[in-house]
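What follows is a short report on a single structure.
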Amino acid sequence: MAALWEDVFSNEELLEEISTVAVDKALLMGVIMRTKENPNSSDVVSFAPITLLPSPVPRTLFEQAQSVQEDFNLLVDRISQNPSFLEQVLSSTMKVDDFIKRLFQIYRLVVAEGLAQSVFLGINRSDYMFDGREDGTTALKQIEINTIAASFGGLTSRTPAVHQHVLKMLGLTNEARNILPNNPSCGIARGIAKAWELYASEKAVVMFLVETTQRNIFDHRYVENELWNRPAPRFRDGHEVAVVYFRTGYVPQDYDEQDWEARLLMERSKAVKCPDVATQLVGTKKVQQELSRPRTLEKFLPDEPEAVARIRQTFTGLYTLDMGTEGDKTVEIALANPEQFVLKPQREGGGNNIYGEEIKQVLEKVKHGLERTSYILMDKIKPQPVKNCLLRAAGQTRLSQCISELGVFGVYVRHGDEMVLNERVGHLLRTKAIEHEDGGVAAGVAVLDNPYLV
Ligand code: ADP
Ligand code: MG
Ligand code: MG
């Protein structure tokens, strides 16, 4: 496969011609975004960035990522029901991170009052990279799990057709057949519909909470359209809300005082929040780091030793920066070998992590104070780069050495104590040039892709 792709990359004329075809096909299929200049108008749209050809993904690692997703769903749901664990794990972080603190205040209040909500809907995306080992093998390693506003489940459902078309145009008919079908938005809508049904109020509506700047609106629309395609009554504004689907609300800038009040109101209500504030907190990097401690997974999945093993296999080294000797040691190893690590604050949306020499600068500044506890340290995953061509609107066709990140979408619904739905509903492959350490598609760094299983 690599050789076939190389034939395309080394032929400049063919590359230009096929790139044009790929872009047109992306537009035809609805792999689209609003423009940076006009994020709130659909008058002019452009294609969402995408690779020219699918990227190789080891079949065994792809299957491993699929097979662990239901375990992660269960784990996230269990942790979200354990206030004392969340309190303990996030206690130092919330002292220095105002955003986490405010979320936690809401959480404490609703726990103290008793939850009005009895139906729970989780839509998450667990992201991985393929770590290259010294012995030449690769391992699946989790980057993070997103429990709020996990995006691209819509757009990615239209990208297989683009790569199939490109491969066919290149005469690679058999290869075209190997592109996997994929439609996360259908499964996401199924979860939302199930939660709505269990809420059991015919007239209640599903509310999509969206950002003020809506460049990625078509990604929401796919989920929305899947819902409209289902046999269900239709109602509009002025009605009771059964399900709140958050596509915003994951960074401090998303909230002014009024929004915090609105969030509190929602959390106190019996509406199904996707996610509720507890589940949002479960998605923090701090929780991820604490889960990697010995015997922690067992606490949440005591009756599931195989699930524990499957989950743990995807973990890489994660280190606390809490005050104390353990955190001191983390500072030491990071300062000695910054290239081996990523320093992560409790933020979402890409572009927040710290790498290499900058780790030194930041740690030197914060290492003696409580401020360091707003970060965690993580082993840096080092995938083997592969050549691909990244297609962007208003950009030139660009050949780059690239690395990919595989996401698997998970959906679950719990009614009281009973898990009534627990599924993996599709995948997302994002690819970026190696010169960028951080950042996803929305951040303008990565582009959409499809796995080509090898
Ligand atoms: P966010 O919630 O902002 O998306 P992530 O943990 O996913 O935070 O980090 C953002 C990006 O940084 C990832 O998409 C990946 O490209 C890169 N990254 C994060 N953690 C690692 C790691 N351990 N090794 C290598 N790259 C990483
Ligand atoms: Mg994230
Ligand atoms: Mg991420």
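Position 174 (the sequence shown) corresponds to 174 in the UniProt record's numbering; numbering is contiguous.
Where is the CB? At the ideal position from N, CA and C, for every residue including glycine.
All of these numbers come straight from a predicted model, not from anything done at the bench.
Q) Across which residues does DSSP place proline 56 in a beta bridge pair? A) Mapped onto the sequence shown, residue 56 falls at position 56. According to DSSP, proline 56 bridges with Tyr452.
Q: Would you mind working out which of Met378, Tyr245, Asp24 sits nearest serine 185, comparing C-alpha positions?
A: If you number the sequence shown from 1, residue 185 lands on position 185. Comparing Cα-Cα distances from serine 185 to each of Met378, Tyr245, Asp24, the minimum goes to Tyr245.
Q: Determine, using beta carbons only, whether leucine 75 and cysteine 274 come nearer to each other than 9 Å.
A: Translated into the one-based positions of the sequence shown, residue 75 becomes position 75. Translated into the one-based positions of the sequence shown, residue 274 becomes position 274. Not a contact, by the Cβ cut-off of 9 Å.
**Q.** Minimum length 3: unbroken beta strand (DSSP E) runs contained in the stretch 47-133
**A.** 55-57, 119-132
Q. In terms of residues, what are the limits of the alpha helix (DSSP H) holding glutamine 289?
A. On the sequence shown, residue 289 is found 289 positions in, with the first residue counted as 1. Glutamine 289 -> alpha helix (DSSP H) spans 285-291.
Q. Buried or exposed: which applies to leucine 448, given that a residue is buried once 16 or more other Cβ atoms fall within 10 Å of its Cβ?
A. Start at 1 with the first residue of the sequence shown, and residue 448 comes out as number 448. Buried is the call here.
**Q.** Own chain partners of leucine 421 with C-beta closer than 8 Å, once the 5 adjacent residues on each side are dropped
**A.** The residue you call residue 421 lines up with position 421 of the sequence shown. Closer than 8 Å at the Cβ level, and outside the excluded window around leucine 421, lie Arg190, Gly191, Lys194, Val411, Tyr412, Val413.
Q: Consult DSSP for asparagine 353 and reduce its assignment to one of helix, strand or coil.
A: Here residue 353 refers to the residue found at position 353 of the sequence shown. If DSSP states are grouped into helix, strand and coil, asparagine 353 belongs with coil.
Q.
Suppose the cutoff is 6 Å on Cβ atoms and the five residues either side in sequence are ignored; what does the same chain contact list for valine 282 look like?
A. Working through the sequence shown from its first residue, we reach residue 282 at position 282. Around valine 282: Val76, Ile79, Ser80, Thr147.
Q | Start-to-end residues for the alpha helix (DSSP H) that takes in serine 157 | A | Residue mapping note: residue 157 aligns to position 157 of the sequence shown, counting from 1. Where serine 157 is concerned, there is no enclosing alpha helix (DSSP H), given that its DSSP letter is neither H nor E.
Q. From alanine 149 to methionine 29, what does the alpha carbon distance come to, in whole angstroms?
A. Position 149 of the sequence shown holds residue 149. Position 29 of the sequence shown holds residue 29. Roughly 23 Å separates the two Cα atoms.
**Q.** Same chain, Cβ closer than 8 Å to methionine 419, neighbours up to 5 away in sequence not counted
**A.** Within the sequence shown, the letter at position 419 stands for residue 419. Around methionine 419: Leu74, Asp77, Tyr412, Val413.
Q) When the Cα of tryptophan 5 is compared with those of Leu140, Val111, Leu170, which residue comes out closest? A) Here residue 5 corresponds to residue number 5 of the sequence shown, with the count starting at 1. Nearest option by C-alpha distance: Leu170.
Q | Backbone CA spacing between threonine 373 and alanine 309 [nearest angstrom] | A | On the sequence shown, residue 373 is found 373 positions in, with the first residue counted as 1. On the sequence shown, residue 309 is found 309 positions in, with the first residue counted as 1. Each residue's alpha carbon lies about 28 Å from the other.
(Q) Here's the rule: buried if 16 or more other CB atoms are within 10 angstroms of the residue's CB, otherwise exposed. What is alanine 271? (A) The count along the sequence shown starts at 1 and reaches residue 271 at position 271. Buried, because 16 or more other Cβ atoms sit within 10 Å of the Cβ of alanine 271.
Q: Report the rounded CA-to-CA distance for isoleucine 179 versus glutamate 144, giving the unit in angstroms.
A: Position 179 of the sequence shown, counting from 1, holds the residue named residue 179. Position 144 of the sequence shown, counting from 1, holds the residue named residue 144. Computed Cα separation, rounded: 25 Å.
Q. Beta-carbon separation of aspartate 127 and leucine 406 under 9 Å?
A. On the sequence shown, position 127 is the one that residue 127 refers to. On the sequence shown, position 406 is the one that residue 406 refers to. The answer is yes: Cβ separation under 9 Å.
**Q.** DSSP beta-bridge partners of glutamate 405
**A.** Working through the sequence shown from its first residue, we reach residue 405 at position 405. In the DSSP output, where bridge partners are listed per residue, glutamate 405 has Arg430.
Q. By Cβ distance, which residues of its chain are closer than 8 Å to proline 39, with the 5 residues on each side in sequence left out?
A. To locate residue 39, count along the sequence shown from 1; it is residue 39. Excluding residues within five positions, the ones whose Cβ falls inside 8 Å are Thr213, Gln214, Arg215.
Q) In terms of residues, what are the limits of the beta strand (DSSP E) holding methionine 33? A) By one-based count along the sequence shown, residue 33 stands at place 33. That run of the beta strand (DSSP E) goes 32-34.
Q: Note down, in chain order, each residue of its chain lying with its Cβ closer than 6 Å to the Cβ of aspartate 97, except the 5 sequence neighbours on either side.
A: Counted from its first residue, the sequence shown places residue 97 at position 97. Cβ neighbours of aspartate 97 beyond the five flanking positions: Gln346, Ser374.
Q.
Could you pull the DSSP bridge partners for cysteine 274 from this structure?
A. In the sequence shown, residue 274 corresponds to position 274, counting from 1. Paired residue(s): Tyr245.
Q. Would you say the beta carbon of glycine 153 comes nearer than 8 Å to a heavy atom of ligand 3?
A. By one-based count along the sequence shown, residue 153 stands at place 153. Outside the cutoff, so no.
Q) DSSP on asparagine 174, reduced to helix/strand/coil? A) Taking the sequence shown and counting its residues from 1, one reaches residue 174 at position 174. In the structure shown, asparagine 174 sits in a helix (DSSP, three-state: H, G or I).
Q. Relative to ligand 2, what is the chain-ordered list of residues with a Cβ closer than 6 Å to any of its non-hydrogen atoms?
A. Glu144, Asn146, Glu348
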